[in-house]
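First the structure, in the form of structure tokens, and then the observations on it.
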Amino acid sequence: MGRRPLVAANWKLNGSIGLCKQYAEKLSNAPQIDCWVFPSAVHVSTLAKMFKESAANVRVGVQNIYTEPTGAFTGENSAELARDVGATTAIVGHSERRIHFMESSQGVAHKTAQALDAELTPIICVGEQLDDRDEGQAEEVVEEQLEAVNSHCSTAVWQHVTVAYEPVWAIGSGIAATPEQAQEMHNRIRVMIKNWNEPASKAIRLLYGGSVNSRNAGELISQPDIDGFLVGGASLDIDSFGDIVEQARIGDAL
Ligand code: PGA
Numbered sequence: 002m003g004r005r006p007l008v009a010a011n012w013k014l015n016g017s018i019g020l021c022k023q024y025a026e027k028l029s030n031a032p033q034i035d036c037w038v039f040p041s042a043v044h045v046s047t048l049a050k051m052f053k054e055s056a057a058n059v060r061v062g063v064q065n066i067y068t069e070p071t072g073a074f075t076g077e078n079s080a081e082l083a084r085d086v087g088a089t090t091a092i093v094g095h096s097e098r099r100i101h102f103m104e105s106s107q108g109v110a111h112k113t114a115q116a117l118d119a120e121l122t123p124i125i126c127v128g129e130q131l132d133d134r135d136e137g138q139a140e141e142v143v144e145e146q147l148e149a150v151n152s153h154c155s156t157a158v159w160q161h162v163t164v165a166y167e168p169v170w171a172i173g174s175g176i177a178a179t180p181e182q183a184q185e186m187h188n189r190i191r192v193m194i195k196n197w198n199e200p201a202s203k204a205i206r207l208l209y210g211g212s213v214n215s216r217n218a219g220e221l222i223s224q225p226d227i228d229g230f231l232v233g234g235a236s237l238d239i240d241s242f243g244d245i246v247e248q249a250r251i252g253d254a255l
């Protein structure tokens, strides 16, 4: 389908100026696929400046934004502010936000709209918990999460976003979804989006996240509806991240 692979690094509440420098060095000679890096909010400006000379396929983003652009919301960061310091993308709806910070699907839909208003490309994270899967509810959960965005932002939204399928049980557990499980859900997601916006469903990139490493990346990327990864733990080691990027590049060339 000609979708360019995208590998994203989510550092979560980790990282350092040292890791920023390692990334700047590693990604300085234009990886042939897209690489988006999500350091903590306090490192965004530093990393964005380091990447300034890099190719356009390397981007820096924030891991979260607030639902309002400005105002008396001590401690929050908005899409507008992130844009001001060099971010061009934002993760919204990561399961750690949904679970630890009680973010609802409606809140995630508002954040998606905020990101787009500030010209940040959102990566919308969706995914079921283990209980949902065991009860055969995985698809319903993911559909509810996507439907909230669709009804708040309109069907045109799918032309401007990336979706990451991250089963909660696979995140940080060392147990990734099998390529078959991931492909099945990615295909379901593409079909859901097709029902809302057919042209966008062909072009939208669907990332898989949850215990991706250099050993499982090759088989996952070979699935027809998996267009890249959102990498947590393995992104903290620059060589592991580089290996995953390489797997995605090779997978695309096959
Ligand atoms: P993980 O995290 O790669 O450590 O499982 C993925 C994520 O939370 O985005």
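Here the working numbering is used: the first residue of the sequence shown is 2, the next is one more, and so on.
In this text, a Cβ means the ideal position worked out from N, Cα and C, and glycines have one as well.
Since we're looking at a predicted model, the values are computed, not measured.
What do you get for residue i, buried or exposed, if any count of 16 or more other CB atoms within 10 angstroms of its CB means buried?
i    : result
D240 : exposed
M186 : buried
D163 : Position check: residue 163 holds Thr in this sequence, whereas Asp was assumed. By the 10 Å Cβ count, T163 comes out buried.
A157 : exposed
D118 : exposed
D226 : buried
N30  : exposed
A73  : exposed
A57  : exposed
I100 : exposed
I176 : exposed
P200 : exposed
Q146 : buried
F242 : buried
L121 : buried
I18  : exposed
V192 : exposed
R216 : exposed
E141 : exposed
Any beta carbon from chain D within less than 8 angstroms of residue i's own beta carbon?
i    : result
G229 : Considering every chain present, this structure includes no chain D. It has just one protein chain.
Leaving out the 5 sequence neighbours to the left and right, which residues in its chain are closer than 7 angstroms to residue i when beta-carbon positions are compared?
i    : result
S68  : One detail in the question is off: residue 68 reads as Thr in this sequence, not Ser. The answer, listed in chain order, is G108, H111, K112, Q115.
A218 : F230, I245, Q248, A249
T71  : S79, E81
D133 : A139, V142
Indicate the three-state DSSP secondary structure (helix, strand or coil) for residue i in the structure shown.
i    : result
N196 : helix
L7   : strand
V246 : helix
V169 : helix
G210 : strand
G229 : strand
G175 : coil
N188 : helix
D238 : coil
Q23  : helix
S17  : coil
Q182 : helix
L28  : coil
I205 : coil
Leaving out five residues on either side along the sequence, give the residues of the same chain with a beta carbon under 8 angstroms from the beta carbon of residue i.
i    : result
V260 : Residue numbering for the chain in the displayed model covers 2 to 255; residue 260 lies beyond these limits and cannot be assessed.
N11  : F39, Q64, I92, H95, G210, L231, V232, G233, S236
C21  : P40, H44, T47, L48, M51
V61  : W37, V38, F39, P40, V45, L48, A49, F52, G87, A88, T89, T90
A83  : A42, V45, G62, V63, I66, A91, A119, L121
G16  : P40, S41, H44, L237
I34  : R5, P6, L7, V8, N58, G229, V246, A249, R250, D253
E167 : H95, S96, C126, V127, G128, Y209, G210, G211, L231
Quick one: what's got a C-beta closer than 6 angstroms to residue i's C-beta in the same chain, skipping five residues either side?
i    : result
N151 : W197
L208 : A165, G229, F230, L231
K195 : S202
V169 : S96, G128, Q130
N188 : D226
May I have a chain-ordered list of the beta strand (DSSP E) segments no shorter than 3 residues that lie completely inside the stretch 31 to 118? Entirely contained in the stretch 31 to 118, the beta strand (DSSP E) runs reaching 3 residues are, in chain order, 35 to 39, 59 to 63, 90 to 93.
Residue ranges of each beta strand (DSSP E) run of no fewer than 3 residues wholly in the stretch 111 to 167, ordered along the chain? The beta strand (DSSP E) runs of length 3 or more contained entirely in the stretch 111 to 167 are, from start to end of the chain, 122 to 127, 163 to 166.
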